[in-house]
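**Student:**
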Amino acid sequence: MKRKVSKPQYAFLKQEFNFLEQHGKLESEDAKDLLALYEPKGATNFVRLLLVFGAILVGVGILSFIAGNWDGLIPFSKFGLIVIAFILSYSAGYKLEPNYERTARSMYYIGAAIYGAGIFLVGQSFHLQHTVYTDFLLWAVGILPLAYYLKDQLLAVFASVFLIIYSFTAFEPGSFGPYWLLLLLPILFWMNEKRFGRKSSLFVMSTLLATAFIVNTLEAFHFDEWISMLIVFTGGLLIALFPIKHFRTESSWIGSFLFGTVGIMLTFPYSWREWQLETIAPYIFTALFIILLVYFLKQNSLPAILITCALIYRYYTDITYDFMPKSLFFIIGGLLLIAFGFWFEKSRRETVKRHEE
1 MKRKVSKPQY
11 AFLKQEFNFL
21 EQHGKLESED
31 AKDLLALYEP
41 KGATNFVRLL
51 LVFGAILVGV
61 GILSFIAGNW
71 DGLIPFSKFG
81 LIVIAFILSY
91 SAGYKLEPNY
101 ERTARSMYYI
111 GAAIYGAGIF
121 LVGQSFHLQH
131 TVYTDFLLWA
141 VGILPLAYYL
151 KDQLLAVFAS
161 VFLIIYSFTA
171 FEPGSFGPYW
181 LLLLLPILFW
191 MNEKRFGRKS
201 SLFVMSTLLA
211 TAFIVNTLEA
221 FHFDEWISML
231 IVFTGGLLIA
241 LFPIKHFRTE
251 SSWIGSFLFG
261 TVGIMLTFPY
271 SWREWQLETI
281 APYIFTALFI
291 ILLVYFLKQN
301 SLPAILITCA
311 LIYRYYTDIT
321 YDFMPKSLFF
331 IIGGLLLIAF
341 GFWFEKSRRE
351 TVKRHEE
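When we follow full-length UniProt numbering, the leftmost residue of the sequence shown carries the number 1, and every step to the right adds one.
1. For residue 28, is the classification buried or exposed, using 16 other Cβ atoms within 10 angstroms of its Cβ as the cut-off for buried?
2. May I ask you to report which of helix, strand or coil DSSP gives residue 39?
3. Using DSSP with H/G/I as helix, E/B as strand and the rest coil, what is residue 248?
4. Out of curiosity, what's the CA-to-CA distance linking residue 103 and residue 196?
5. What number of angstroms, rounded off, separates the C-alpha of residue 272 from the C-alpha of residue 83?
6. One question on the structure: do residue 155 and residue 146 come within less than 7 Å of each other, judged by their Cβ atoms?
7. Got a sec? Which residues, its chain only, sit under 8 Å from residue 310 by beta carbon, not counting five neighbours each side?
8. Residue 198 by DSSP, collapsed to three states: which one?
9. Taking Cβ positions, are residue 109 and residue 136 nearer each other than 7 Å?
10. In or out: residue 182 buried (at least 16 other Cβ within 10 Å) or exposed?
11. Considering only residues of the same chain and omitting the five flanking positions on each side of residue 281, which have a CB-CB separation below 6 Å?
12. By the 10 Å Cβ neighbour count, where 16 or more other Cβ atoms means buried, how is residue 230 classified, buried or exposed?
13. If we count the other Cβ atoms within 10 Å of its Cβ and call it buried at 16 or more, is residue 251 buried or exposed?
14. Could you check the C-alpha separation between residue 256 and residue 237 for me, to the nearest Å?
15. Taking 6 Å as the cut-off, is the C-beta of residue 105 nearer than that to any heavy atom in the ligand MN?
16. Taking a contact to mean a Cβ-Cβ separation below 7 Å, would you say residue 17 touches residue 36 in this structure?
17. May I have a chain-ordered list of the alpha helix (DSSP H) segments no shorter than 4 residues that lie completely inside the segment 244-304?
18. Which two residues bound the contiguous alpha helix (DSSP H) that contains residue 134?
19. Excluding the 5 residues preceding and the 5 following residue 268 in the sequence, name in chain order all residues of the same chain whose CB lies nearer than 8 Å to its CB.
20. Could you tell me the alpha carbon to alpha carbon distance between residue 184 and residue 243, rounded to whole angstroms?
21. Where does residue 341 land, buried or exposed, given buried means 16+ other C-beta within 10 angstroms?
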């Protein structure tokens, strides 16, 4: 079975094998045999995309049919239709899997969509007393075993998104908070480590989920907003400064996104009103924030460039919008964005050149 690699990786391997062959380190036939062990996976992306959209359309069509005839069915008939459609989809996926793996995936996706929508429809039909956040929790819990079985990072990412939505149960009156995430968060990180081969997308989503859990749990305990902001800012900064070994680039970007977003929010006076320090604290924090960004810029951090651009644009808008003619405001703002884009592209190219050297 051939090992699937990305197109750039495949091109790099081909170039390296040719290099070894030209320098007499590898025979021509051996180079071909080694290259034959690999297969670029980019060519199949269109097929997978087509099947995913097809699965979505079929799932929506089935659910539209059920919902359209909802009022004419008794509750147990509604439940039976959803269960039958769910079982047929998974059965078709299991049957097709040995010979038509990608088509089988689309059947599984249809089943996962029917399962999730069925949760909402059944809850509505039987007048079950629970919040919409619980529905998203049940949907995520239901598709995580399927994601594990198929090694499908797309399903795992969707489950993470549903769990992020569930984490906002903290805002529901009378809720005890999203405590199921104490169990599910470690499972997601473990699945990425042991089952998915350390996928970047799942690492990013799990990190965002952990952030949402912390913030919303603090909200459930009625902590002040500035405490949540400070924790997210500090956590993001630590991730950016001390990136995780196997996800260095992803850690840098996600950490910078967290501390950069919250950092810009803390430059606004409203973030300090609870302390009654809105007259001086934003400016002190901004000065410290700029010093921090200068440090990251000296480390050739691309995310720091984007944060710096956003900070400059935030103050440009704040200072000039009220008194500058609107046409001039938009023209200068557009020129600033173009300059920021040029700066970012130039820095990125210099970083690539340094890595190549």
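Cβ atoms here follow ideal geometry from the backbone N, Cα and C, with glycine treated the same way. Fair warning: this is a prediction, and the values are worked out from it, not measured in the lab.
**Tutor:** Answer, in terms of the structure:
1. Here residue 28 refers to the residue found at position 28 of the sequence shown. Per the 10 Å Cβ criterion, exposed.
2. As a position in the sequence shown, residue 39 is number 39, starting the count at 1. Here residue 39 sits in strand by DSSP.
3. Translated into positions along the sequence shown, residue 248 becomes position 248. The answer is helix: DSSP assigns residue 248 an H, G or I state.
4. Numbered from 1 along the sequence shown, position 103 holds the residue referred to as residue 103. Numbered from 1 along the sequence shown, position 196 holds the residue referred to as residue 196. Rounded to whole angstroms, residue 103 to residue 196 spans 21 Å at the Cα level.
5. Residue mapping note: residue 272 aligns to position 272 of the sequence shown, counting from 1. Residue mapping note: residue 83 aligns to position 83 of the sequence shown, counting from 1. The straight-line gap from Cα to Cα measures roughly 52 Å.
6. By 1-based counting over the sequence shown, the position of residue 155 is 155. By 1-based counting over the sequence shown, the position of residue 146 is 146. Closer than 7 Å, so yes.
7. Translated into the one-based positions of the sequence shown, residue 310 becomes position 310. Excluding residues within five positions, the ones whose Cβ falls inside 8 Å are 260 and 264.
8. As a position in the sequence shown, residue 198 is number 198, starting the count at 1. Coil at residue 198, not helix or strand.
9. To locate residue 109, count along the sequence shown from 1; it is residue 109. To locate residue 136, count along the sequence shown from 1; it is residue 136. No; because the gap between Cβ atoms is not below 7 Å, this pair is not in contact.
10. Position 182 of the sequence shown, counted from the first residue, corresponds to residue 182. The residue in question, residue 182, is exposed, as its Cβ has fewer than 16 Cβ neighbours within 10 Å.
11. The residue given as residue 281 occupies position 281 in the sequence shown. Excluding positions up to five away in sequence, the list reads 272.
12. Translated into the one-based positions of the sequence shown, residue 230 becomes position 230. Exposed.
13. Indexing the sequence shown from 1 puts residue 251 at position 251. With 16 or more other Cβ atoms within 10 Å, it is buried.
14. Counting from 1 along the sequence shown, the entry for residue 256 is found at position 256. Counting from 1 along the sequence shown, the entry for residue 237 is found at position 237. So the alpha carbons of these two residues sit roughly 7 Å apart.
15. For the structure depicted, the ligand MN is absent and the ligand set is empty, with no information on it obtainable.
16. The residue labelled residue 17 in the question sits at position 17 within the sequence shown. The residue labelled residue 36 in the question sits at position 36 within the sequence shown. Taking 7 Å as the Cβ cut-off, residue 17 and residue 36 do not qualify as a contacting pair.
17. 248-265 and 281-298
18. Within the sequence shown, residue 134 is the residue found at index 134, counting from 1. Its alpha helix (DSSP H) spans residues 132-150.
19. Here the question's residue 268 lines up with position 268 in the sequence shown. Once the five neighbours on either side are set aside, the close Cβ partners of residue 268 are 282.
20. Position 184 of the sequence shown, counted from the start, is the residue given in the question as residue 184. Position 243 of the sequence shown, counted from the start, is the residue given in the question as residue 243. So the alpha carbons of these two residues sit roughly 23 Å apart.
21. Sequence index remark: in the sequence shown, residue 341 carries index 341 (1-based). Its Cβ having fewer than 16 others within 10 Å, residue 341 is exposed.
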